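K.L.:
Okay, so the sequence shown: first residue is 16 according to the numbering used here, each after it adds one.
Before I ask anything, here is the structure I am working with.
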Amino acid sequence: MTQLSKVGPSFLPSNGLFLREKRTKRQKISLCTNERTTVRRLTQATEDNKALLGHLMFVVGKVGRETTELADGFRVVINDGKHAGQSVYHLHIHIIGGKQLGWPPGTD
């Protein structure tokens, strides 16, 4: 059981972020912005969103430090647009780890 699965899907009210965990062959955690945010895609971010974007990356690092299965490393993915596979149009980050990942992505 991971630290995130102990709390389940959670809303972090202090920063408007959601953490969701999905178990597959590898650990996958999604860090999602609150749907009220105006950032739908990374390419639509503006100068006003710099603090949010920086904070997202800070939280990714924190999740990586605090999740046992990610101790040996993880990959951070942001899908931007249809061709990248974005199907949910609010900014979210996938944190993938828990096993050796191949390069290029998809070869593991």
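Note that beta-carbon positions come from the ideal geometry of N, C-alpha and C, so glycine has one too.
It should be emphasised that the depicted structure is a prediction, and the values quoted were computed from it without experimental measurement.
#1: If you drop the 5 nearest sequence neighbours on each side, which residues of the same chain put their C-beta closer than 7 angstroms to that of Leu68?
#2: If you reduce the DSSP assignment to three classes, tell me which class Gly100 lands in.
#3: Just mark Gly112 as buried or exposed, buried being the case when its beta carbon has 16 or more other beta carbons within 10 Å.
#4: Counting C-beta neighbours from all protein chains within 10 Å, is the total for Phe89 16 or more, i.e. buried, or is it exposed?
#5: For a quick check, are the C-beta atoms of Ile93 and Leu57 less than 9 angstroms apart?
#6: Going by Cα to Cα distance, which pick from Gly96, Arg55, Thr83 and Val78 is closest to Lys114?
#7: Determine the DSSP secondary structure at Gly112, reduced to helix, strand or coil.
#8: Quick check on this structure: which residue in Ala99, Gly121, Asp63 and His109 has the alpha carbon closest to the alpha carbon of Gly79?
P.N.:
According to the structure shown:
#1: Here residue 68 refers to the residue found at position 53 of the sequence shown. Contacts found: Ala60.
#2: One-based indexing of the sequence shown puts residue 100 at position 85. Correct three-state label for Gly100: coil.
#3: Indexing the sequence shown from 1 puts residue 112 at position 97. Flag for Gly112 reads buried.
#4: Stepping through the sequence shown from its first residue, residue 89 is reached at position 74. Buried, because 16 or more other Cβ atoms sit within 10 Å of the Cβ of Phe89.
#5: Walking along the sequence shown from the start, residue 93 turns up at place 78. Walking along the sequence shown from the start, residue 57 turns up at place 42. Cβ atoms of Ile93 and Leu57: closer than 9 angstroms.
#6: In the sequence shown, the residue the question calls residue 114 occupies position 99. Of Gly96, Arg55, Thr83 and Val78, the residue nearest in Cα terms is Thr83.
#7: Taking the sequence shown and counting its residues from 1, the one referred to as residue 112 is at position 97. It is a strand residue.
#8: Position 64 of the sequence shown holds residue 79. Looking at the Cα atoms, His109 is the closest of the given residues.
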